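Q: Just passing along the structure, written as structure tokens.
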Amino acid sequence: MRQPSLLDSFHFVSRGRCSRALKRSVHAFIGFAAGLLVGGASPYTLLCGIAGFLGGWFPDYDLRFRHRKLLHNVFMLVLSSYIVFYLVQEAFRRLRIGFPGEAPLYIALAFFSGWALHILLDATTKRGTYLLWPLYGKPLRIPIFRSSSFAANFVGIGLGMLLLAIWLSQNNPLEKLAVING
Ligand SMILES: [Zn+2]
11 MRQPSLLDSF HFVSRGRCSR ALKRSVHAFI GFAAGLLVGG ASPYTLLCGI
61 AGFLGGWFPD YDLRFRHRKL LHNVFMLVLS SYIVFYLVQE AFRRLRIGFP
111 GEAPLYIALA FFSGWALHIL LDATTKRGTY LLWPLYGKPL RIPIFRSSSF
161 AANFVGIGLG MLLLAIWLSQ NNPLEKLAVI NG
């Protein structure tokens, strides 16, 4: 048997149950940051951030049923993003919310980004993801990280912070506050 490495002691495994390589909160954080980037400086940026957060959070709902298949494929990604687009558009219309016409598209795009980054990042772990399920029944992977590894989560947090830093460098919220107050 292989000697356990230092990284093994940092395993993020929900004990006794199905293990998740990347923590759901890490996926959601990356999605939030990606969503803000999609929203840019628009009046609906925060909604884009929330949509990205949900996109990153959602795929692991298949944890107990066909994990990494049912919600970790490109077809579900496109379908769910379209549903978000439709629902947001309907909600804005019915509630007469006066955001610019392109807002639902950008919010759906933010949701898409969070979800897409989730399944791409899962694909970098040893288990991979079933990106083309149900058409192709084998997992696809770019095995950079051991499943359940500390490193994958660490890099995930780093990626989220990088996206957030890029958004902040382009849209400084404090500067805007200063303009409003000044
Ligand atoms: Zn996942």
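Numbering (the working numbering), first residue to last: 11 to 192. Idealized CB from N, CA, C, for every residue including glycine. For clarity, every value in this text was computed on a predicted model and none was experimentally measured.
(1) So residue 37 is in the alpha helix (DSSP H); what residue range does that whole segment cover?
(2) At 4 residues or longer, and completely inside the segment 129-162: list those alpha helix (DSSP H) runs for me, N to C.
(3) Taking just the CA atoms, how far does residue 45 sit from residue 176?
(4) In the structure shown, what three-state DSSP assignment does residue 183 receive?
(5) Measuring only from the beta carbon, is residue 69 closer than 6 Å to any heavy atom that is part of ligand 1?
(6) With the cut-off set at 7 Å, would you say residue 118 and residue 91 are in Cβ contact?
(7) Quick one: residues in its chain with C-beta nearer than 8 Å to the C-beta of residue 80, no 5 flanking neighbours on either side, listed in chain order?
(8) For residue 182, which residues of its own chain have a beta-carbon under 7 Å away from its beta-carbon, when the five flanking residues on both sides are left out?
(9) So the alpha helix (DSSP H) residue 91 belongs to, where does it begin and stop?
(10) Out of curiosity, what's the CA-to-CA distance linking residue 36 and residue 168?
(11) In terms of alpha-carbon separation, which member of 43, 38, 164 and 32 lies closest to residue 173?
(12) Taking the alpha-carbon positions, what's the residue 95 to residue 105 distance?
A: So, to answer that:
(1) 34-49
(2) none
(3) Between residue 176 and residue 45, the C-alpha separation is close to 12 Å.
(4) helix
(5) yes
(6) yes
(7) 72, 86 and 143
(8) none
(9) 84-104
(10) 10 Å
(11) 43
(12) Note on geometry: alpha-carbon atoms of residue 95 and residue 105 lie some 15 Å from one another.
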